[in-house]
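For the sequence shown, the UniProt record's numbering gives the first residue as 1, with consecutive numbering after it. Notes for the one structure printed next.
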Amino acid sequence: MPGRLQDRIALITGSSSGIGRATAILYASEGAKLVCADLNEGTWREAAPSDESNGPTHERIQQNGGEAIFVKTDVSDPKSVEAAVAAAVEKFGRLDIMINNAGFAMESRTPGPIWELSTDLFHKTASVNINGVFYGVKYAAAQMIKQDPLANGDRGVILNAASVLGLVGSEGAAAYCTSKGAVANMTRAAAMDCAPKGIRVNAVNPGYIETHMTDTVLGNAQAKQSVDSMHPLRGVGKPMDIARAYLFLASDDANWMTGVNMPVDGGYTAR
């Protein structure tokens, strides 16, 4: 039986670990062909708590019988993102799904009030979380506009990694909150531009997820208990919780959805 993303071409930034890795593996299991983009190939075990396998994401997909390549990508460099999109087209002929997942969250390790926030850290956060998403949307949309639509009418789907902290504020995280708020509204604006071209643009807004980005916070038992309490439904989430949302938004089940910021947060934003 064909998968929900059968033969669609997906490029995922930040695919070597955490949410990006989980999403790439899930997409491949649903028939997609993957372009795994990241600074390094990585050898991570974060796709699921029970996942004891090791090795780069694209190799894991290949071992499972799927098609995937790795493209070294620095999302803060527009030429690097443009090259990743070009690599997808060169290898597979088109680009159906772009997930701008790569992110930077130094404040999760060293939180502090805004008056102590260094300008360097603020600009570094923006260069990855805002600029990187902009480059991904820009170059993916430019490619998708040139393509023939799929049977469902889509020319492509662009999905952005926002955050619950793009919807609400949090002390000690001004740079991160600012960057993710920008992604939330960039998604809405891009959706308006892209809708007449048959391109859907949506964002996922995760709550706290168990990845290397949050291990400093969640590694402390008392701190984890506090963070768990912010999520009424079973505490913090897993990478696969977000991967499933990305699967839905990329599938035909969501083909009348665009401009959406979808919280997947265990009830964090319902409080």
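Glycine residues also receive a C-beta, built at the ideal position from the N, C-alpha and C atoms.
So, helix, strand or coil for Ala151, using DSSP? Counted from its first residue, the sequence shown places residue 151 at position 151. In the three-state reduction of the DSSP assignment, Ala151 falls in the coil class, being assigned neither a helical nor a strand state.
What residue range is occupied by the uninterrupted beta strand (DSSP E) comprising Asn261? Start at 1 with the first residue of the sequence shown, and residue 261 comes out as number 261. It spans 261–264 - the beta strand (DSSP E) in which Asn261 sits, taken as one unbroken run.
Decide if the region 106–113 is in contact with the region 70–85; the criterion is three or more beta carbon pairs, one per stretch, under 8 Å apart. These segments do not touch.
Cβ of Asn100 within 8 Å of Cβ of Val137? Mapped onto the sequence shown, residue 100 falls at position 100. Mapped onto the sequence shown, residue 137 falls at position 137. With respect to the 8 Å criterion, Asn100 and Val137 are classified as neighbours on the basis of their beta carbons.
Quick check on this structure: which residue in Asp265, Glu210, Ile145 has the alpha carbon closest to the alpha carbon of Gln204? The residue you call residue 204 lines up with position 204 of the sequence shown. The sequence as given places Val at residue 204; Gln does not occur at that position. When only C-alpha atoms are compared, the closest one is Asp265.
Alpha helix (DSSP H) segment containing Arg60, residue limits: Sequence index remark: in the sequence shown, residue 60 carries index 60 (1-based). Note, Arg60: alpha helix (DSSP H), 57–63.
Among Gly181, Gly103, Arg155, whose alpha-carbon lies nearest the alpha-carbon of residue 280? Nothing can be reported for residue 280, as the shown portion of the chain is limited to 1 through 271.
Let's test the definition: count the other Cβ atoms within 10 Å of the Cβ of His231 and tell me whether it reaches 16, buried, or not, exposed. Mapped onto the sequence shown, residue 231 falls at position 231. Buried, because 16 or more other Cβ atoms sit within 10 Å of the Cβ of His231.
How is Met230 classed by DSSP in three states: helix, strand or coil? The sequence position of residue 230 within the sequence shown is 230, counting from 1. Coil, per DSSP.
Counting pairs of Cβ atoms below 8 Å between the region 221–230 and the region 178–189, do you hit three or more? Segment contact: the region 221–230 against the region 178–189, fewer than three CB-CB distances shorter than 8 Å; contact not assigned.
Rounded Cβ spacing between Thr57 and Ser16 (contact assumed at less than 8 Å): Locating residue 57 in the sequence shown gives position 57, counting from the first residue. Locating residue 16 in the sequence shown gives position 16, counting from the first residue. Between the beta-carbon of Thr57 and that of Ser16 there is about 6 Å, and that keeps the pair under the 8 Å contact cut.
Using CA atoms only, rank isn't needed, just tell me which of Leu159, Gly172, Gly169, Ser170 is closest to Arg244. The residue given as residue 244 occupies position 244 in the sequence shown. Comparing Cα positions, the closest option is Leu159.
Given this structure, state the Cα-to-Cα distance separating Asp154 from Arg200, to the nearest angstrom. The count along the sequence shown starts at 1 and reaches residue 154 at position 154. The count along the sequence shown starts at 1 and reaches residue 200 at position 200. Those two C-alpha atoms are separated by around 7 Å.
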